[in-house]
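Novice: UniProt numbering applies: residue 1 is where the sequence shown begins, and numbers increase by one.
Just so you know, even glycine gets a beta-carbon here, dropped at the ideal spot from N, CA and C.
All of these numbers come straight from a predicted model, not from anything done at the bench.
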Amino acid sequence: MADSVEIDPEVLRELARQHDRVADDTDEWANQPVDWLREFPDSYGHIADPVHKALKSYYNARENAGRALAREHRDTAAKLRQAANDFEWADHQGRSRIRSFDDTPGSGAVPPQPSTAGPGMPSASGPQLTPTNGAAPADSPSGAGGTPADAAPGAPGNAATASDQPDAPDTGVDTGAGAGTDAAAASAGAGTSPGTAGAPGTTGTGPGSPGATAGAVPPSGPLPPSGGGPDDRGSTQPPSGASAAGDLPPVPVPTPFAAAVAKAKDEDAEPAYVVGDAVDNDLVLARTLLGAVLAAVDSSVLGLHWAVAVMRGPAGAGVFITSNEGRGWFPAGLYLPLEVSSPWIWDELLAGDSGDAGSPWEGVSDPARVLVEFGLAWGRKAGANLRALVSSGPIDNGVRQRFADVAMQDMVGPSYDVDLRAFTPDTADRLGLTGSPEALEHVASVPDSQIRARCEELAAGAHALVGRSAPGGPEAAESRGVRDRILSARQAGREIPREWWQELRDADDLLAASMLPRRVDVGRVEPGELRVDDEVSALRSMVFERRCNELVLLLDDEESRQQLRDAVYAHEQIVKHPRFVEVPAAVSTADDQAVRPSVTGAQAGGPGVTAPSVTAPSVTAGPPPGAVVAPDSAPPDTAGRS
């Protein structure tokens with residue numbers, strides 16, 4: 001019919017469930033941080049009383065607004081369910097009227113009757129007609145809500161009734177003997193598998209979606225089998241008069257990482273299937289992220305371990321990741337979800353007025369311990385608590401005993417459910433996660449034609465800076481020599497032999513192995529008692545050398561904007577380090593030249609005397625190129641002063 005509208009009650013129920021979930025999340029968001037507000041005066045004193053009152057007023061207003069918004073969502077959900085029930089009831093009534101019109105009294109087929117009609121009159125004998133909507137007769141073995149004629153053998157209507165489906169609503173209306181089977185036919189017409197409705201990060205289509213009317217055959221072929229893949233109702237041709245695609249609510253697509261977390265949650269719950277045995281979502285989240293990172297990074301780096309922590313506080317949840325090299329170094333080619341952060345970018349906030357340059361966790365061999373120390377410091381500032389901790393290496397028993405209520409897992413291996421080596425809109429590279437605003441602006445300002453030159457400039461500058469400022473030691477001598485060779489050849493425009501690049505990689509691997517015994521084991525130090533130690537300065541210098549190697553090795557990659565971003569990140573790991581002190585280049589002067597007069601003929605006993613020839617020496621002393629020189633100024637005029 002031209003004016004018909006196809007409405008799927010299951011879509012309305014899925015929308016209702018979404019409104020319920022939003023209402024629950026809104027209620028949770030509206031809860032006041034009671035403990036934090038209670039401890040606020042003790043933490044900040046009476047001088048902060050005005051702030052405390054303002055915070056209480058704000059959280060009261062936020063709670064009232066959140067509760068009201070949650071009520072609106074629940075009211076909408078109730079109306080959607082009522083609408084779905086009304087549509088099913090109206091459809092059932094329509095089918096009943098069709099059957100009462102088409103069916104003859106009695107059960108089963110109409111028995112043959114003697115023909116008494118005259119010539120040209122229709123015969124009264126023959127089989128009973130099937131209703132036009134494809135439903136079986138009310139007295140057929142399948143009941144009033146039997147399988148539609150065009151339905152596939154595995155359609156939901158063949159397997160279960162509405163009472164077997166999750167969240168099956170109670171219509172609240174006495175529909176008679178055939179009500180249950182008619183509801184089953186309605187759910188069959190929906191064509192929605194239970195797995196699809198509950199998929200994380202997805203929403204159902206709007207009421208105007210081109211689905212089949214409950215209990216009727218969809219206009220474009222058989223229904224999909226139960227559990228046979230995602231809902232493909234969007235691929236059917238909408239009937240005439242249906243809403244346009246632009247009128248439908250947008251269907252958000254789950255991110256690859258969110259899909260991997262949802263899959264991990266399901267797999268974590270599968271072995272036990274114990275009712276009420278809840279899965280620790282924070283632990284699953286941390287483990288999924290760490291497994292994906294381990295699958296993406298180069299596992300050949302000796303001694304490199306990773307850890308992930310989840311913290312929760314009044315502002316929500318935070319996910320933090322770190323490695324045990326430098327200040328949580330990230331390798332090139334790793335793209336992390338935008339929600340992830342690093343503990344090393346919060347130094348200034350955590351230091352406060354203490355004046356400490358850098359965190360005391362640098363050089364610690366256990367990355368899980370780094371996150372524990374950060375959690376203690378961050379918890380005092382933000383009122384957050386550590387909820388989950390995972391590591392690619394072992395977790396110290398002292399940490400387990402101290403934080404017995406925290407979900408932990410060590411020796412986590414790689415997981416390939418999500419690929420973090422490819423950039424997606426929901427991820428960011430290492431510069432985007434940890435880079436300074438100045439670095440991001442600088443990358444954006446470099447034109448494409450100058451990317452290669454800028455990368456060479458960063459590599460040469462870091463090589464010179466570290467050579468002057470950080471003691472190399474015997475471990476760094478080889479890599480410094482290879483770097484110098486490569487950079488000199490690049491500046492001269494010569495081709496770099498492939499053997500030189502491999503030499504630099506081998507020297508970098510040797511440097512990484514030399515760092516292992518220099519990392520600090522803090523197992524005997526109580527959590528929260530770590531202090532900045534100058535003994536890690538040698539290890540820090542070796543880390544600077546590895547970043548210089550990384551900058552030079554990036555020159556061997558294909559020229560791209562990502563190459564520049566990776567180079568700027570590695571450069572900032574050196575120059576933005578809070579304990580890096582740049583030593584200026586030494587000022588070089590030429591040796592003094594003695595000027596001797598030339599010997600004349602008179603001095604040699606010859607006739608005549610000539611003046612000696614005197615030439616001024618070439619002066620090369622002075623400030624180096626690019627140095628700032630004080631302006632010339634004349635001495636003050638003191639004439640006429642007493």
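DSSP three-state label for A292, please.
Specialist: Within the sequence shown, numbered from 1, the residue matching residue 292 stands at position 292. The answer is helix: DSSP assigns A292 an H, G or I state.
Novice: Between the Cα of P343 and those of L510, T322, W329 and Y335, spot the shortest distance and give me the residue it belongs to.
Specialist: Here residue 343 corresponds to residue number 343 of the sequence shown, with the count starting at 1. Ranking the options by Cα distance to P343, first place goes to T322.
Novice: Near L80, what residues of its chain come up, given a Cβ to Cβ distance below 6 Å and the 5 sequence neighbours on each side ignored?
Specialist: Here the question's residue 80 lines up with position 80 in the sequence shown. Closer than 6 Å at Cβ, skipping near neighbours: L12, L15 and A16.
Novice: Taking 8 Å as the threshold (C-beta atoms), are H577 and L551 in contact?
Specialist: The sequence position of residue 551 within the sequence shown is 551, counting from 1. The sequence position of residue 577 within the sequence shown is 577, counting from 1. Not in contact: L551 and H577 (Cβ atoms no closer than 8 Å).
Novice: Between which two residues does the alpha helix (DSSP H) containing Q409 stretch?
Specialist: The sequence position of residue 409 within the sequence shown is 409, counting from 1. Run containing Q409: none in the alpha helix (DSSP H); it sits in the beta strand (DSSP E), A407 to Q409.
Novice: Going by CA-CA distance only, name the one from P474, W346 and A368 that's closest to K381.
Specialist: Position 381 of the sequence shown, counting from 1, holds the residue named residue 381. Among P474, W346 and A368, the Cα nearest to that of K381 belongs to W346.
Novice: Between the C-alpha atoms of Y416 and V301, what's the straight-line distance to the nearest angstrom?
Specialist: For the purposes of this step, residue 416 is identified with residue 416 of the sequence shown, where counting begins at 1. For the purposes of this step, residue 301 is identified with residue 301 of the sequence shown, where counting begins at 1. Cα to Cα, the separation comes out at about 19 Å.
Novice: Quick check: what's the CA-CA separation for E373 versus L350?
Specialist: Against the sequence shown, residue 373 aligns to sequence position 373. Against the sequence shown, residue 350 aligns to sequence position 350. Going by the C-alpha atoms only, they are around 11 Å apart.
Novice: Of all the options R71, Q562, A460 and R547, which has the alpha carbon lying nearest to the alpha carbon of I574?
Specialist: Mapped onto the sequence shown, residue 574 falls at position 574. Checking every option, the nearest Cα to that of I574 belongs to R547.
Novice: What are the boundary residues of the alpha helix (DSSP H) that includes S488?
Specialist: Residue numbering aside, residue 488 sits at position 488 when the sequence shown is read from its first letter. Looking at the DSSP string, the run of the alpha helix (DSSP H) that includes S488 is G473 to Q491.
Novice: Does the Cβ of I486 have 16 or more other Cβ atoms within 10 Å, making it buried, or fewer, making it exposed?
Specialist: By one-based count along the sequence shown, residue 486 stands at place 486. Per the 10 Å Cβ criterion, buried.
Novice: Starting from F423 and walking both ways along the beta strand (DSSP E), at which residues does that stretch end?
Specialist: As a position in the sequence shown, residue 423 is number 423, starting the count at 1. F423 -> no beta strand (DSSP E), and no H or E assigned at all.
Novice: When the distance is taken between beta carbons, is G398 closer than 8 Å to D410?
Specialist: On the sequence shown, position 410 is the one that residue 410 refers to. On the sequence shown, position 398 is the one that residue 398 refers to. Taking 8 Å as the Cβ cut-off, D410 and G398 do not qualify as a contacting pair.
Novice: Is the Cβ of A384 closer than 8 Å to any Cβ of chain D?
Specialist: In the structure shown, chain D cannot be found, because there is only a single protein chain.
Novice: Which stretch, first to last residue, makes up the alpha helix (DSSP H) that contains G375?
Specialist: Numbered from 1 along the sequence shown, position 375 holds the residue referred to as residue 375. Unbroken alpha helix (DSSP H) run through G375: P367 to A382.
Novice: Identify whether P337 lies in helix, strand or coil by the three-state DSSP scheme.
Specialist: By 1-based counting over the sequence shown, the position of residue 337 is 337. In this structure, P337 counts as strand in the three-state DSSP scheme.
Novice: Tell me whether the beta-carbon of P565 lies closer than 8 Å to the beta-carbon of D429.
Specialist: Residue numbering aside, residue 565 sits at position 565 when the sequence shown is read from its first letter. Residue numbering aside, residue 429 sits at position 429 when the sequence shown is read from its first letter. Contrary to the premise, residue 565 reads as Arg rather than Pro in this sequence. Yes. Within cutoff.
Novice: When DSSP builds the beta bridges, which residues end up paired with W306?
Specialist: Working through the sequence shown from its first residue, we reach residue 306 at position 306. In the DSSP output, where bridge partners are listed per residue, W306 has S323.
Novice: Taking C-beta to C-beta, are A384 and D282 nearer than 8 Å?
Specialist: Your numbering for residue 384 matches position 384 in the sequence shown. Your numbering for residue 282 matches position 282 in the sequence shown. Contact flag unset, no.
Novice: Can you tell me which of V34, M311, K53 and E529 puts its alpha carbon nearest to the alpha carbon of L386?
Specialist: Taking the sequence shown and counting its residues from 1, the one referred to as residue 386 is at position 386. For the residues V34, M311, K53 and E529, the minimum Cα distance to L386 belongs to M311.
Novice: Below 8 Å between beta carbons: does that hold for D426 and T255?
Specialist: Your numbering for residue 426 matches position 426 in the sequence shown. Your numbering for residue 255 matches position 255 in the sequence shown. Against a cut-off of 8 Å, the Cβ pair of T255 and D426 comes out as a contact.
Novice: Less than 8 Å between the C-beta atoms of A567 and L458, yes or no?
Specialist: One-based indexing of the sequence shown puts residue 567 at position 567. One-based indexing of the sequence shown puts residue 458 at position 458. The answer is yes: Cβ separation under 8 Å.
Novice: Hey, out of A61, S479, E559 and W500, whose CA is closest to M542's CA?
Specialist: Reading the sequence shown from its first residue, position 542 is the one you call residue 542. It is S479 whose Cα lies nearest to the Cα of M542.
Novice: Count the CB pairs spanning the segment 511-526 and the segment 358-377 that are closer than 8 Å, and state whether there are at least three.
Specialist: Cβ pair count under 8 Å is three or more, so yes.
Novice: Within 10 angstroms of the Cβ of F330, are there 16 or more other Cβ atoms? Answer buried if so, exposed if not.
Specialist: Residue 330 sits at position 330 when you count from the first residue of the sequence shown. Burial call: buried.
Novice: Roughly how many angstroms separate the alpha carbons of Y59 and Q32, rounded to a whole number?
Specialist: Here the question's residue 59 lines up with position 59 in the sequence shown. Here the question's residue 32 lines up with position 32 in the sequence shown. When rounded, the distance between both Cα atoms is 6 Å.
Novice: Any contact between the segment 76-92 and the segment 41-51? By contact I mean 3 or more CB pairs, one from each, below 8 Å.
Specialist: Taking 8 Å as the limit for Cβ pairs, the verdict is that the segment 41-51 does not touch the segment 76-92.
Novice: For L389, write down the residues that DSSP places opposite it in a beta bridge.
Specialist: As a first step, residue 389 must be located in the sequence shown, where it is residue number 389. L389 pairs with A309 and M408.
Novice: Let me check understanding here. Comparing Cα to Cα, which of Q401, E39, L304 and A489 lies closest to A512?
Specialist: The count along the sequence shown starts at 1 and reaches residue 512 at position 512. Ranking Q401, E39, L304 and A489 by Cα distance to A512 puts L304 first.
Novice: What distance in whole Å lies between the Cβ atoms of A309 and L371, which are believed to be in contact at a cut-off of 8 Å?
Specialist: Counting from 1 along the sequence shown, the entry for residue 371 is found at position 371. Counting from 1 along the sequence shown, the entry for residue 309 is found at position 309. That belief holds up - the Cβ atoms of L371 and A309 are roughly 4 Å apart, short of 8 Å.
Novice: Around the C-beta of V34, are 16 or more other C-beta atoms found within 10 angstroms, so that it is buried, or is it exposed?
Specialist: Counting from 1 along the sequence shown, the entry for residue 34 is found at position 34. Exposed.
Novice: Tell me where the alpha helix (DSSP H) around H463 begins and ends.
Specialist: Looking up residue 463 in the sequence shown gives position 463. Element bounds for H463: I451 to S469.
Novice: Please classify V543: does DSSP put it in a helix, a strand, or coil?
Specialist: Position 543 of the sequence shown holds residue 543. Residue state, collapsed to three classes: helix.
Novice: Rank A68, R38 and D484 by C-alpha distance to the C-alpha of L55 and give the top, closest one.
Specialist: By 1-based counting over the sequence shown, the position of residue 55 is 55. Closest by alpha carbon: R38.
Novice: Please name the residue, chosen from D484, E88, D419 and D280, that lies closest to D405 on a Cα-to-Cα basis.
Specialist: The residue you call residue 405 lines up with position 405 of the sequence shown. Taking only the C-alpha atoms, the option nearest D405 is D280.
Novice: Assign V412 to one of two classes, buried (16 or more other C-beta atoms within 10 Å of its C-beta) or exposed (fewer than that).
Specialist: Taking the sequence shown and counting its residues from 1, the one referred to as residue 412 is at position 412. Burial call: buried.
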